[in-house]
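Trainee:
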Amino acid sequence: MKMFLISDNVDTYTGMRLAGVDGVVVHEREELYEALQNVLKDKTVGIVLLTEKFGKEFPDLIDEFRLERKMPLLVEIPDRHGTGRRKDFITSYITEAIGLKL
111 MKMFLISDNV DTYTGMRLAG VDGVVVHERE ELYEALQNVL KDKTVGIVLL
161 TEKFGKEFPD LIDEFRLERK MPLLVEIPDR HGTGRRKDFI TSYITEAIGL
211 KL
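Numbers in the working numbering are just positions in the sequence shown, counted from 1, shifted up by 110.
1. Determine the contact status of Tyr123 and Val136, defining contact as a CB-CB distance below 8 Å.
2. So Met113 is in the beta strand (DSSP E); what residue range does that whole segment cover?
3. From Leu146 to Thr205, what distance separates their C-alpha atoms?
4. By how many angstroms is the C-alpha of Val155 removed from the C-alpha of Arg127?
5. Rounded to a whole number of angstroms, what is the C-alpha to C-alpha distance between Ala129 and Leu115?
6. Can you tell me the Cα-Cα spacing of Val131 and Ile208, whole angstroms?
7. If you drop the 5 nearest sequence neighbours on each side, which residues of the same chain put their C-beta closer than 8 Å to that of Tyr143?
8. Going by beta carbon distance, what residues of the same chain come within less than 8 Å of Gly133, once the five residues before and after it are set aside?
9. Note down, in chain order, each residue of its chain lying with its Cβ closer than 7 Å to the Cβ of Val120, except the 5 sequence neighbours on either side.
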């Protein structure tokens, strides 16, 4: 199975192309929706990489695709500016899940 990138900037797209991952650069909600629809038609794509900006700007659209389908797996990745998450985001998830501070 292949990976496919949907990015909001050319730098991330270029880096992933150098790693052998195909993709597209989109900026608007309609473009993102169309790109996701096109990827879903390709049965050889198993993982779709999305820059985190899409998860923040269009969470309803991303959640809709995640809930309706098992494949492909949608994974949010940081772009060249880094992640918008706190440094201890994994620790905080564990703390919330088990109720103990690590």
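Just so it is clear, CB atoms sit at the ideal spot from N, CA and C, and this is done for glycine as well.
Mentor: Let me lay it out:
1. no
2. 112 to 117
3. 34 Å
4. 15 Å
5. 11 Å
6. 37 Å
7. Leu171
8. Phe114, Leu115, Ile116, Ser117, Tyr123, Met126, Arg127, Leu159
9. Val135
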